[in-house]
Each structure stands twice: as structure tokens, then as C-alpha cells.
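Enquirer: In this text, residue positions in the sequence shown follow my numbering: the first is 20, and each later residue adds one. All residues carry an ideal CB built from backbone N, CA and C; glycine is no exception. The structure under discussion is supplied below as C-alpha cells; questions concerning it will follow.
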Amino acid sequence: MPIKKGVLVRAVRDKVTGSLEALASDPRMPNYIFDTDGEVLDLRGDYAFIKFGSVPVPPVWLNLAQLVESAPPSASEG
């Protein structure tokens with residue numbers, strides 16, 4: 020299913036590590052992009068602009084191929 024604006028996503032560590040984006044900046048990506056959900060704010064071509072709400076950091080652009088849609092919360096969690 021294609022990723023759309025407003026959905027929650029997480030980065031896939033194996034796809035981010037060693038990627039062009041990682042090589043273009045600090046290759047040590049913060050754990051929160053892998054461990055917490057981020058909301059897709061915008062889409063442009065193959066990239067998504069993501070805001071990780073659990074930490075006070077600016078939104079980031081990540082390649083769609085490096086993202087996986089987060090599972091919705093189960094009924095027992097709500």
C-alpha cells in the first residue's frame with residue numbers, strides 16, 4: 020500500500036544505514052526514527068517529509084523506500 024500524507028511511519032534501519040541520505044549527513048541516525056512513529060506531512064517524488072512527534076526535533080525528508088507504515092493500534096490497546 021502506498022504511503023500517503025497523514026499516515027504514521029517508521030524508518031527501516033537496514034535501508035537507511037549506508038544509504039545516500041546517511042552518507043550525505045551524519046551516518047549515525049538517531050534511534051527515534053526507527054523506534055517511534057512519525058507522521059508524513061508532505062510527499063514530493065520519492066521522498067516523505069516526516070515529523071517525529073515524540074521528540075522536539077525538526078521534520079526530516081526520507082526516501083519512501085526507507086519507510087514502513089506503522090501498524091494501527093489494536094483494539095485491546097485503546
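I need the boundaries of the alpha helix (DSSP H) containing leucine 42, first residue and last residue.
Expert: Looking at the DSSP string, the run of the alpha helix (DSSP H) that includes leucine 42 is 39 to 43.
Enquirer: Is alanine 69 near proline 78, with beta carbons less than 7 angstroms apart?
Expert: Here residue 69 is isoleucine; the residue named in the question, alanine, does not match the sequence. The answer is yes: Cβ separation under 7 angstroms.
Enquirer: Pick out whichever of Tyr51, Asp56 and Lys34 has its Cα sitting closest to the Cα of valine 26.
Expert: The option with the nearest alpha carbon to valine 26 is Asp56.
Enquirer: What would DSSP say about aspartate 61, mapped onto helix, strand or coil?
Expert: Three-state result, aspartate 61: strand.
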